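Single-structure report; data block below.
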Amino acid sequence: MSNQQNYIGQNYVGRFAPSPTGPLHAGSLVAAMASYLDAKAHHGRWLLRMEDVDEARTAAGAAESILADLIALGMHWDGEVVYQSQRTALYEAAFDRLGRLAYPCGCTRREIVDSRICVAADGAAVYPGTCRSGLPVGKPARAYRLRVPDPGHIDELIIFDDRWLGRVQQHLAIEVGDFVLKRADGFWAYQLAVVVDDADQNVTHVVRGADLLDSTGRQIYLQRQLKLAAPQYLHVPVITNADGEKLSKQNGAQAIDVTQPLLALNKAAWFLGLDIGQVDSVAAFWPLATTAWANLELTRQG
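Residue numbers for the sequence shown follow the working numbering, beginning at 315 and rising by one.
Shown next as structure tokens:
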């Protein structure tokens, strides 16, 4: 069954949650724009959260650079910026609430890859369940995983309605396996942190890139185990490079040139399929873009 809620009569709360591993680039601007326009079209709030839970990958000055670029592009958030690195106590508390569903795992990444029982949609090897019944003799705990239902169990199939892509389903046991909550390097995993943060910030609508679609089933399952409401989801297409890879900081994506903000905004709007027309200022761009986004949503619904 679907775990979605309509949020009729409730205030819309959206968010943009970049990882400060580098500057804002064209791919992250598309995600930021989509989430910003969706919040504005629904007369809602738009929050900003820095997903710096992986402190080892956080680049010095990147968070400040992203904030400055968003302001230069005319995107203003509501409330204070939230930093995951300051919220580890919340993740620890959520982890404790999972009880026996969470268990220690001593497997290395190489051992998991070598098992080759299946490959997930995101290219990762599906965990074979080696440590489900306890750590093998002589193996120390490296990470902690969340136990998912066995294949065929009613809770193992996650179904949700994506506002861009339509009905989506994922078999957790077959396509994902028991997934990591706390990593071998001691950092909390993205899946746990984002679920806790969205609930704590009362996020009702998540708008993000389709590269995170495969994570949504895991997050909905975690929400159920923690008895948290599931937001509505919308996953927009992602920009790819010449090799068909998602444009990212890791493969050399160039920083947005905020000295030409309209050029960057128009390119992102064009990629999202928005008809803006000619505008001569950033201030004039956003009302037109908001109307275009609302019209695009009506077209998809029709």
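Think of the CB as a built atom: it goes at the ideal place given N, C-alpha and C, for glycine as much as any other residue. These numbers were taken from a predicted model, which means no experiment stands behind them.
Does the distance from the C-beta atom of residue i to that of residue j stay below 9 Å?
i    : j    : result
F330 : A346 : yes
L387 : A513 : no
V508 : H549 : no
S342 : E365 : no
R477 : E611 : yes
H390 : I570 : no
C362 : V327 : According to the sequence displayed, residue 362 carries Leu and not Cys. Not in contact: L362 and V327 (Cβ atoms no closer than 9 Å).
Y417 : D492 : yes
F474 : A544 : yes
L351 : T554 : no
T530 : I488 : no
R359 : T335 : no
V367 : V552 : no
Around the C-beta of residue i, are 16 or more other C-beta atoms found within 10 angstroms, so that it is buried, or is it exposed?
i    : result
Q400 : exposed
R459 : buried
M425 : According to the sequence as given, residue 425 is Glu; it is not Met. By the 10 Å Cβ count, E425 comes out exposed.
D464 : exposed
A606 : buried
Y547 : buried
G466 : exposed
H357 : exposed
T402 : exposed
V510 : buried
Q615 : exposed
I385 : exposed
T518 : buried
S447 : exposed
E369 : exposed
Q484 : buried
D469 : exposed
D392 : exposed
From the DSSP output, read off the bridge partner residues of residue i.
i    : result
A569 : H339
W600 : Answer is none; W600 lacks a bridge partner.
V327 : R359
W502 : K496
C419 : A457
D396 : Sequence check: residue 396 is Val here, not Asp. According to DSSP, V396 bridges with R363.
State the CB to CB distance for the pair residue i and residue j, rounded to an integer number of angstroms; the pair is presumed to be in contact (CB under 8 Å).
i    : j    : result
I590 : A582 : Going by Cβ atoms, the distance from I590 to A582 rounds to 10 Å, so no, they are not a contact pair.
V490 : R423 : Incorrect: roughly 16 Å between the Cβ atoms, too far for contact.
R456 : G420 : 5 Å
S379 : P337 : 5 Å
**OP:** Please specify which runs of the alpha helix (DSSP H), each continuous and at least 4 residues long, are wholly inside the region 445-495, giving them in chain order.
**Re:** Those alpha helix (DSSP H) runs which fall completely within the region 445-495 and span 4+ residues are 486-489.
**OP:** Would you mind listing the alpha helix (DSSP H) stretches within the region 514-553 that are 4+ residues and don't spill past its ends, in chain order?
**Re:** Correct list: 527-539.
Original post:
Which runs of the beta strand (DSSP E) spanning at least 3 residues fall entirely within the region 356-391, listed in chain order?
Top reply: Whole beta strand (DSSP E) segments, 3+ residues: 359-364.
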